[in-house]
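Visitor: Counting in our numbering, the sequence shown runs from 5 upward without gaps.
The C-beta atom is built at its ideal place from N, Cα and C for all residues, glycine as well.
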Amino acid sequence: MKSIYTICYVSKASSELTKNDIERLFNYTASTNSKFDVSGMLLHSLGNFFQVLEGEEKHLLGLYEKIKEDVRHGDIYEVYNKRTNQPVFNNYNSKFDIVKTSEDLDMLITYLNQDRSNSTNHKLKRLLQPFAMLGEF
Numbered sequence: 005m006k007s008i009y010t011i012c013y014v015s016k017a018s019s020e021l022t023k024n025d026i027e028r029l030f031n032y033t034a035s036t037n038s039k040f041d042v043s044g045m046l047l048h049s050l051g052n053f054f055q056v057l058e059g060e061e062k063h064l065l066g067l068y069e070k071i072k073e074d075v076r077h078g079d080i081y082e083v084y085n086k087r088t089n090q091p092v093f094n095n096y097n098s099k100f101d102i103v104k105t106s107e108d109l110d111m112l113i114t115y116l117n118q119d120r121s122n123s124t125n126h127k128l129k130r131l132l133q134p135f136a137m138l139g140e141f
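(1) Can you list, in chain order, the residues of its chain with a C-beta nearer than 7 Å to that of Leu-29? Leave out the 5 residues immediately preceding and following it.
(2) Taking the alpha carbon of Cys-12 as the reference point, which residue from Thr-36, Tyr-68 and Gly-78 has its own alpha carbon closest?
(3) Start and end of the beta strand (DSSP E) containing Gln-133?
(4) Is DSSP giving Tyr-96 helix, strand or coil here?
(5) Which residues in the same chain have their Cβ closer than 6 Å to the Cβ of Thr-33, if we skip the five residues on either side of it in sequence?
(6) Alpha helix (DSSP H) containing Arg-87: first to last residue?
(7) On the premise that Val-92 lies in contact with Phe-54, defined as a C-beta separation below 8 Å, what is that separation, rounded to the nearest angstrom?
(8) Do Ser-43 and Glu-60 have their C-beta atoms closer together than 8 Å?
(9) Does the distance from the C-beta atom of Ser-7 to that of Lys-99 stay below 8 Å?
(10) Decide if Tyr-81 is buried, meaning its Cβ has at least 16 other Cβ atoms within 10 Å, or exposed.
(11) Can you tell me whether DSSP reads Phe-30 as helix, strand or coil?
(12) Would you give the residue range spanned by the alpha helix (DSSP H) that Lys-70 belongs to?
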């Protein structure tokens, strides 16, 4: 299997962001990531962003540098930044998923439960659990 690069982070959303700003960000992210063959997911909840990006290493590293400079968020906590032979979103229902509702999150967690052999799936599920429990989108 081809090696894929994966970046996962959590960040604090800027307090100035409106719902419209977040919706525009979601639309731009989904469109751009699909165009550049980046898979993964983006969630905004509880005043935080949670994102997983999977794709070609050179592209993701450049993209992540831009993400870190984006003023729409701060206090970035990097969960992982590594090569992997087991991409999480390889068989997901879309290339890049925007999680907007508790139903979207439930679908994602159900997907993560399907491949228990992938340790990254288990880690992501644990990280997403607080969002699922509170269900605030």
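Guide: If we stick to the structure as given:
(1) Arg-76
(2) Among Thr-36, Tyr-68 and Gly-78, the Cα nearest to that of Cys-12 is on Tyr-68.
(3) Looking at the DSSP string, Gln-133 is not in any beta strand (DSSP E); the run it does join, the alpha helix (DSSP H), is 123-138.
(4) In the structure shown, Tyr-96 sits in coil (DSSP, three-state: anything other than H, G, I, E or B).
(5) Leu-46
(6) Run containing Arg-87: none in the alpha helix (DSSP H); it sits in the beta strand (DSSP E), 77-88.
(7) Not confirmed; about 13 Å, so no contact.
(8) no
(9) no
(10) Counting Cβ neighbours within 10 Å, Tyr-81 comes out exposed, since fewer than 16 surround it.
(11) Helix, per DSSP.
(12) Judged by DSSP secondary structure, Lys-70 falls within the alpha helix (DSSP H) whose first and last residues are 61-73.
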